[in-house]
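Numbering (UniProt numbering), first residue to last: 1 to 307.
Backbone N, C-alpha and C define an ideal beta-carbon position, used for all residues, glycine too.
Only one structure is covered here, and it is reproduced in the block below.
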């Protein structure tokens, strides 16, 4: 079943992973700890004092950036929203493919081709594919797979870009916050899916900190990331789920617009984990192109980083 959710900024802001926000601004992860400090002057002074003297100026910059970010989040809250669309589908695996069925439209099915590792770091490790974490067709029992996409209001990432209020710093701040808010929306949505919509973890009681270090059951591999590196999968998922319903359009290379968008799959297997497909051979490239129904040279373009 397909669902479309709209969130206020204040609803998803607590789910922001500030480590990645600060990384976008060139700060090492340790500076993101400011996000866990209370706002009183004594707490901030204590946090600054924890840094070696040569790093305190940089820590003060991080503190000011965090202040500016929260000020902008408060401003965004009145005018902008984030949007998530997801569907939960009866599914099974067939080799390296996933087979999905649309319960809302009789006869509508999707065969989603995936990639398998051909190199591992340890001799005894299995060569993983995301389909390994979905019940196989041969068992005759259906599993469930989630498909999702999330984005922000398109104008949000263009704030302060041009015109009388153009401001390079504020524009970059709006862009980096937009990216984090899209990701935060998927985090909140995934929590609601696990505990309510899908309900395979009804009793889950995790803090935001626990969520951000992925202590929950299941995974949420995103398109373009190491477990699901082929960006052209967006064309398949968009047609299946309806990305345009939340304002996402695709470029000719499968990139999403707004840029602050994320898409992917949700798997519930307790042993499911993230991995990097890494380098693949010509044999898998040709097999994958055949399963996708596309020319080998087309897939070569999309998988250049994996060849």
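Expressed to the nearest angstrom, what Euclidean distance is found between the alpha-carbon atoms of residue 136 and residue 98?
Their Cα atoms are separated by approximately 9 Å.
Quick check on the DSSP output: the alpha helix (DSSP H) that includes residue 266 runs from which residue to which?
Here residue 266 belongs to no alpha helix (DSSP H); instead the beta strand (DSSP E) covers 261-266.
Between residue 208 and residue 29, how many whole angstroms is the CB-CB distance? I'm expecting something under 8 Å.
That pair is no contact at about 17 Å.
Residue 104 and residue 256 - do their beta-carbons sit closer together than 9 Å?
If you check the CB distance, residue 256 and residue 104 do not come in under 9 Å.
With a threshold of 8 Å, are at least 3 pairs of Cβ atoms found where one atom belongs to the stretch 30-42 and the other to the stretch 82-95?
Touching, no.
What are the residues that DSSP puts in a beta bridge with residue 89?
Looking at the DSSP assignment, residue 89 forms a beta bridge with 145.
Could you have a look at residue 257 and say whether DSSP puts it in helix, strand or coil?
Reduced to three states, the DSSP call for residue 257 is strand.
Would residue 183 and residue 20 be called neighbours here (beta carbons separated by less than 9 Å)?
With respect to the 9 Å criterion, residue 183 and residue 20 are classified as neighbours on the basis of their beta carbons.
State the DSSP-derived secondary structure class of residue 244, mapped to helix, strand or coil.
Helix at residue 244.
Between which two residues does the beta strand (DSSP E) harbouring residue 99 extend?
According to the DSSP assignment, residue 99 belongs to the beta strand (DSSP E) that extends over 97-101.
Express the C-alpha separation of residue 180 and residue 22 in angstroms, rounding to a whole number.
When rounded, the separation of the alpha-carbon atoms in residue 22 and residue 180 is 10 Å.
Beta-carbon separation (whole angstroms), residue 265 vs residue 146, contact threshold 8 Å
Going by Cβ atoms, the distance from residue 265 to residue 146 rounds to 6 Å, so yes, they are a contact pair.
The beta strand (DSSP E) spanning residue 7 covers which residue range?
From DSSP, the beta strand (DSSP E) with residue 7 extends over 2-8.
Could you tell me which of 244, 206, 243, 262 sits nearest to residue 225, measuring between CA atoms?
The shortest Cα separation from residue 225 among 244, 206, 243, 262 belongs to 262.
I need the DSSP call for residue 108, collapsed to helix, strand or coil.
Coil, per DSSP.
Ignore the nearest five residues each way along the sequence and tell me which others in residue 76's own chain have a CB closer than 6 Å to its CB.
9.
C-beta contact flag for residue 187 and residue 296 at 9 Å
Contact flag unset, no.
So, using beta-carbon positions, are residue 115 and residue 231 closer together than 9 Å?
Going by C-beta atoms, residue 115 is not nearer than 9 Å to residue 231.
What are the start and end residues of the alpha helix (DSSP H) that includes residue 46?
Where residue 46 is concerned, the enclosing alpha helix (DSSP H) stretches over 41-49.
Under 9 Å between C-beta atoms of residue 134 and residue 241
No, the Cβ-Cβ distance between residue 134 and residue 241 is not below 9 Å.
For residue 219, which of helix, strand or coil comes out of DSSP?
The answer is strand: DSSP assigns residue 219 an E or B state.
If I follow the unbroken alpha helix (DSSP H) through residue 280, where does it start and stop?
In the DSSP assignment, residue 280 falls outside any alpha helix (DSSP H) and carries neither an H nor an E.
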